[in-house]
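K.L.:
The structure's right below; bear with me while I get my questions together.
Number of protein chains: 2
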Amino acid sequence: MNKELQTLIDLFLKILHLYSVINKKPKDYGTGDLLYFTEIHTITMVGKNKKINVTRLAEVMGVTKGAISQTIKKLVSKNLILKTNLRNRKEVNLKLSEKGRLVYKGQKSFQKDIFTFAAALYKRGTPEQRDLVRRLFIEIVANMQMRVKVQESAG
Amino acid sequence: MNKELQTLIDLFLKILHLYSVINKKPKDYGTGDLLYFTEIHTITMVGKNKKINVTRLAEVMGVTKGAISQTIKKLVSKNLILKTNLRNRKEVNLKLSEKGRLVYKGQKSFQKDIFTFAAALYKRGTPEQRDLVRRLFIEIVANMQMRVKVQESAG
DNA sequence: GTAATTTTGTTTAGCATCTAAACAAATATA
DNA sequence: TATATTTGTTTAGATGCTAAACAAAATTAC
């Protein structure tokens, strides 16, 4: 069993690594912009969170406000993200432009693609089998989130 | 079911993101060196693959030879990795120093820690439940590896 | 056996991304 | 109103990567 478990952990670590390799190459989702993963990820997060601001985006993405500010500046200049609520120079509200939504949709379908075959496998499983998968993922997320919090309070 | 599946994919993407957040902070595994993830990952790969060389390491890690060469240079200067087979200036064989092995062990136990609770959950599952988990991971790895290969041959 | 080719590793310049810190501007609190 | 807090921006410097030019060694072709 321990060997089986180690193999499984190795598989999981391999997935984590492969995902970063896949996302290293910049992509064009049909807008004419070659976008790096950080840019795409930022667009994804803005698309997912209505009217988010820089500070909250930094929290959600686990980086500093400065990093977000720089990325947003670039994406605004590329007309992928819009700053609304500009009568007020503080508390900027971010939203996607039409072009930004195209990237958002492209990335979503890319993610769906990656998991298409795994999803089919999952669907064919019994309710009991699916239950363990779900609980494992929830447990791993909970553990990792705890670690991030500990890191934040320590650093 | 589709909502359940989307939730699961979101959980998985969250894991991928949290892992990168966790690994962003440099760590000291008791050698006095504050090491960044790239350095730790490189040490891990050298530890896992006996007498590996720069070219193979680049393939395994999905980066260019130049990148590996730079990282190795730094790790050799920190006395974490050793270059053997130096009578021959080509085909360098890499291995961990005593200090490097300490980092290797530290990282291994860190990875084990992350999955401790999930592993306990997995162990309590039935053989049928575990079977789906295994097959899902294998499927995801296969799909991602295929994508990396396609990317390589295309780019 | 020598010449041409391939393989392997290194260096360089330049780019993307991040942090920390200093800062400016707006808001909230005393 | 004065002070403190919150929010966003800018800057300098660091890591890590690529592409390309290069050097050195090994392999292949003739």
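Chains as they are written, first to last, in the working numbering: chain A, 1 to 155; chain B, 1001 to 1155.
Yeah, the Cβ is synthetic: ideal placement off N, Cα and C, and Gly gets one too.
These numbers come from a predicted model, not from an experiment.
Could you tell me the boundaries of the beta strand (DSSP E) in which Leu1082 (chain B) lies?
P.N.:
Looking at the DSSP string, the run of the beta strand (DSSP E) that includes Leu1082 (chain B) is 1081-1084.
K.L.:
Name the chain A residues that come within less than 7 Å of Glu1139 (chain B), Cβ to Cβ?
P.N.:
Near Glu1139 (chain B) (Cβ distances below 7 Å), the residues of chain A are Phe117, Ala118, Leu121.
K.L.:
Short check: CB of Leu57 (chain A) to CB of Ile68 (chain A), under 8 Å?
P.N.:
It is a contact, given that the beta carbons lie within the stated cut-off.
K.L.:
Tell whether a beta-carbon distance below 8 Å holds between Phe117 (chain A) and Glu1139 (chain B).
P.N.:
Yes, the pair counts as a contact, with Cβ atoms nearer than the cut-off.
K.L.:
State the beta-bridge partners of Ile1052 (chain B) as determined by DSSP.
P.N.:
Its beta-bridge partners are B:Leu1094.
K.L.:
What are the residues in the region 1036-1065 of chain B lying within 7 Å of chain A by C-beta distance?
P.N.:
So the list reads Gly1062, given in the order they occur along the chain.
K.L.:
Which chain B residues sit within Cβ distance under 8 Å of Gly125 (chain A)?
P.N.:
Residues of chain B passing the Cβ test: Leu1132.
K.L.:
In chain order, which alpha helix (DSSP H) runs of at least 4 residues are fully inside the region 1105-1143 of chain B?
P.N.:
Listed in chain order, the complete alpha helix (DSSP H) runs (minimum 4 residues) inside the region 1105-1143 of chain B are 1116-1124.
K.L.:
Which first and last residues belong to the alpha helix (DSSP H) in which Lys24 (chain A) is found?
P.N.:
Here Lys24 (chain A) belongs to no alpha helix (DSSP H), and DSSP marks it neither H nor E.
K.L.:
Out of B:Gln1145, B:Glu1098, B:Phe1137, B:Val1060, which one is the CA nearest neighbour of Lys1078 (chain B)?
P.N.:
The option with the nearest alpha carbon to Lys1078 (chain B) is B:Glu1098.
K.L.:
Along chain B, which residues have their Cβ under 7 Å away from the Cβ of Val21 (chain A)?
P.N.:
Residues of chain B passing the Cβ test: Gly1062, Val1148.
K.L.:
Would you call Leu1034 (chain B) buried or exposed, if buried means 16 or more other Cβ atoms sit within 10 Å of its Cβ?
P.N.:
It is exposed - the Cβ of Leu1034 (chain B) has fewer than 16 other Cβ atoms within 10 Å.
K.L.:
Asp1131 (chain B) to Ile9 (chain A), Cα distance in whole Å?
P.N.:
Their Cα atoms are separated by approximately 14 Å.
K.L.:
Quick one: residues in its chain with C-beta nearer than 8 Å to the C-beta of Val133 (chain A), no 5 flanking neighbours on either side, listed in chain order?
P.N.:
Result list for Val133 (chain A): Tyr122, Gly125, in chain order.
K.L.:
Classify Ala119 (chain A): buried if its beta carbon has 16 or more other beta carbons within 10 angstroms, exposed otherwise.
P.N.:
Looking at its Cβ environment, which holds 16 or more other Cβ atoms inside 10 Å, Ala119 (chain A) is buried.
K.L.:
Please tell me whether Ile68 (chain A) has its Cβ less than 8 Å away from any Cβ of chain B.
P.N.:
False, the Cβ-Cβ gap to chain B never drops below 8 Å.
K.L.:
Pull the bridge partners of Leu35 (chain A) from the DSSP assignment, please.
P.N.:
In DSSP, Leu35 (chain A) forms a bridge with A:Lys27.
K.L.:
Against Arg1135 (chain B), what residues of chain A qualify as contacts under a CB-to-CB distance less than 8 Å, listed in chain order?
P.N.:
Under the 8 Å cutoff, chain A gives Leu121.
K.L.:
Lys1027 (chain B) CB to nearest chain A CB: under 8 Å?
P.N.:
So no, Lys1027 (chain B) is outside the interface.
K.L.:
Would you please verify whether the beta carbon of Lys14 (chain A) is less than 8 Å from any beta carbon of chain B?
P.N.:
Taking Cβ atoms only, chain B reaches closer than 8 Å to Lys14 (chain A), which makes this a yes.
K.L.:
Can you give the Cα-Cα distance for Ser109 (chain A) and Thr44 (chain A), rounded to whole angstroms?
P.N.:
One C-alpha to the other measures close to 12 Å.
K.L.:
Taking CB distances under 8 Å as the criterion, tell me whether Leu34 (chain A) reaches chain B.
P.N.:
Chain B, which has no Cβ nearer than 8 Å to the Cβ of Leu34 (chain A), makes this no.
K.L.:
So which residues on chain A does Leu1075 (chain B) lean against when the C-beta distance must stay under 8 Å?
P.N.:
Those within 8 Å of Leu1075 (chain B) in chain A number zero; the least Cβ separation is about 18 Å.
K.L.:
Looking at chain A, is there any beta carbon in it that lies within less than 8 Å of the beta carbon of Leu1005 (chain B)?
P.N.:
With 8 Å as the cut-off, Leu1005 (chain B) counts as an interface residue toward chain A.
K.L.:
Does the separation of the CB atoms of Leu1082 (chain B) and Lys1074 (chain B) fall below 8 Å?
P.N.:
No. Outside cutoff.
K.L.:
Could you name the residues of chain B that Gln107 (chain A) contacts, counting a contact when the two beta carbons are closer than 8 Å?
P.N.:
Per Cβ cutoff of 8 Å: no residues; Gln107 (chain A) is ~10 Å from chain B at best.
K.L.:
Are the C-beta atoms of Glu1098 (chain B) and some chain A residue less than 8 Å apart?
P.N.:
It does not: the Cβ of Glu1098 (chain B) has no partner Cβ on chain A nearer than 8 Å.
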